[in-house]
Structures are given as structure tokens and as C-alpha cells.
Amino acid sequence: MYYPIMMQGKQINALVVGGGKVGYRKCKTLLEAGAQVTVIAPTLNKEFLTLINQYPEQLTVQWSKFHPKFLNRPYHLVFAATNSKEVQTRIHLHCRAKGLLCNDTANGKKSDFINCLYTETEEVVLAFSTKGNGPKILQEMKEDFQDRYEKQWAKRVREYGEERRSRLRRGEQACT
Numbered sequence: 264m265y266y267p268i269m270m271q272g273k274q275i276n277a278l279v280v281g282g283g284k285v286g287y288r289k290c291k292t293l294l295e296a297g298a299q300v301t302v303i304a305p306t307l308n309k310e311f312l313t314l315i316n317q318y319p320e321q322l323t324v325q326w327s328k329f330h331p332k333f334l335n336r337p338y339h340l341v342f343a344a345t346n347s348k349e350v351q352t353r354i355h356l357h358c359r360a361k362g363l364l365c366n367d368t369a370n371g372k373k374s375d376f377i378n379c380l381y382t383e384t385e386e387v388v389l390a391f392s393t394k395g396n397g398p399k400i401l402q403e404m405k406e407d408f409q410d411r412y413e414k415q416w417a418k419r420v421r422e423y424g425e426e427r428r429s430r431l432r433r434g435e436q437a438c439t
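One point on numbering: in this note's numbering, the residue at position 75 of the sequence shown is 338, and numbering is uninterrupted.
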């Protein structure tokens with residue numbers, strides 16, 4: 264059973280092992296959220312060049328294959344995003360031994376945590392997950408929500424927030 268949380272991106276120190284498409288996507292969303300990210304890979308997908316140039320203060324690259332010594336830094340999250348099941352398993356086992364949370368990007372069922380696809384407005388963040396069962400359908404779910412409900416719910420949440428703040432200013436009990 265999963266426990267859903269949202270983390271402040273600027274508080275995250277993450278390790279991404281793998282320089283392919285999946286590693287790039289994980290890295291990109293972490294960096295956009297403000298996280299500090301270290302990528303370990305012998306080679307990087309060319310898309311990483313954009314991230315290296317755009318986030319020089321947040322992104323560190325170690326041009327190497329994975330070695331357990333790389334887990335000696337205090338990472339909050341580790342993403343195993345290689346193209347080898349054996350390496351993915353090794354990363355996860357070493358993370359477990361060190362008490363680090365690891366996401367095996369090839370196997371959500373083995374992961375300590377999974378990522379959600381999300382949509383965000385000024386008022387609302389809504390996350391979607393298939394619990395690792397069908398990541399490709401998530402985009403369809405997100406778009407369906409955006410098309411049908413996003414504006415309606417954003418407006419309701421904005422109005423509710425205004426009422427709540429107004430009550431608090433007047434010293435009344437806030438809406439819950």
C-alpha cells in the first residue's frame with residue numbers, strides 16, 4: 264500500500280543512475296522542482312546537455328558506471344534508471360542496506376516509492392498513478408481531467424481559499 268506525499272523540491276537531494284531517456288525524464292522533473300541531482304552514467308543521452316546548461320548549480324554528473332560508493336552521500340531519493348535488470352537490482356539492494364528510498368524505474372512493484380504524473384494550476388496539484396500497472400495510460404488520465412474538470416475545480420478551490428483566508432482574518436474558525 265502506498266503513502267502519498269508531496270515533497271518540497273528544494274529539499275530533495277536525488278541520485279539518478281542512468282543516462283538514457285528515463286533517467287533524463289526523472290532528472291528533468293526533479294530539477295524543475297528545485298532538487299539537487301547527481302547523475303551517474305558512463306554516457307548521457309544528448310538531451311541531458313540542455314539540463315547541464317540550464318541547471319549548472321543543481322546538476323552534477325559522474326561519468327561512471329554505478330558503484331555502491333556513490334550511495335555514501337545523503338540522498339533522499341535514488342532512481343535506478345539503467346538498461347540492465349541486474350544493475351537495477353544491485354542498486355536497489357545497496358539502497359536497502361543503507362536505508363535509502365529507491366525507485367526501480369523498470370519495476371514499480373519492487374520500488375520503495377513510485378512517481379505520479381501530475382497536473383498543476385496556481386490553486387491545485389492533482390497527482391495520478393496506476394501503481395506501476397500502466398504508466399502509458401496516465402497521460403490520457405491527466406488530459407481527461409484537464410479537459411473536463413481542471414478549470415472548474417481550480418475556480419472552486421480559489422473561491423474556497425479566499426473564504427478561508429477571510430474568516431481567519433476576522434478571527435473566525437477557518438473552513439476545513
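Don't be surprised by glycine CBs; every beta carbon is placed ideally from N, CA and C.
Output yes or no for whether 7 Å exceeds the beta carbon distance between residue 282 and residue 308. Here residue 282 refers to the residue found at position 19 when the sequence shown is read from its first residue. Here residue 308 refers to the residue found at position 45 when the sequence shown is read from its first residue. Closer than 7 Å, so yes.
Sequence ranges, beta strand (DSSP E) only - wholly within the segment 295–322, length at least 3: If we require 3 residues or more, the beta strand (DSSP E) runs fully inside the segment 295–322 come out as 299–303.
Could you tell me how far apart the beta carbons of residue 420 and residue 269 are, in whole angstroms, since I believe they sit closer than 8 Å? For the purposes of this step, residue 420 is taken as the residue at position 157 of the sequence shown. For the purposes of this step, residue 269 is taken as the residue at position 6 of the sequence shown. The beta-carbon separation of residue 420 and residue 269, rounded to 15 Å, does not stay under the 8 Å limit for a contact.
Measuring only the C-alpha atoms, how far is residue 345 from residue 332? Sequence index remark: in the sequence shown, residue 345 carries index 82 (1-based). Sequence index remark: in the sequence shown, residue 332 carries index 69 (1-based). When the Cα atoms are used, residue 345 and residue 332 turn out to be separated by approximately 17 Å.
Can you say whether residue 277 is buried or exposed, counting buried as having 16 or more other CB atoms within 10 angstroms of its CB? Indexing the sequence shown from 1 puts residue 277 at position 14. Answer is buried; the Cβ neighbour count reaches 16.
Can you tell which of 360, 361, 294 and 328 has the C-alpha that lies nearest to the C-alpha of residue 313? Position 50 of the sequence shown, counted from the first residue, corresponds to residue 313. The residue with the shortest Cα to Cα distance from residue 313 is 294.
Just verifying my parser: in three-state terms, what is the DSSP assignment at residue 381? Taking the sequence shown and counting its residues from 1, the one referred to as residue 381 is at position 118. Three-state result, residue 381: strand.
Spatial distance of residue 280 from residue 380 (CA atoms): Along the sequence shown, one-based indexing puts residue 280 at 17. Along the sequence shown, one-based indexing puts residue 380 at 117. Spanning the two alpha carbons is a distance of roughly 20 Å.
Smallest Cα separation from residue 385: which of 306, 414, 437 and 354? Translated into positions along the sequence shown, residue 385 becomes position 122. The shortest Cα separation from residue 385 among 306, 414, 437 and 354 belongs to 414.
Quick one: what's got a C-beta closer than 7 Å to residue 350's C-beta in the same chain, skipping five residues either side? Locating residue 350 in the sequence shown gives position 87, where the first residue counts as 1. Hits under 7 Å: 329.
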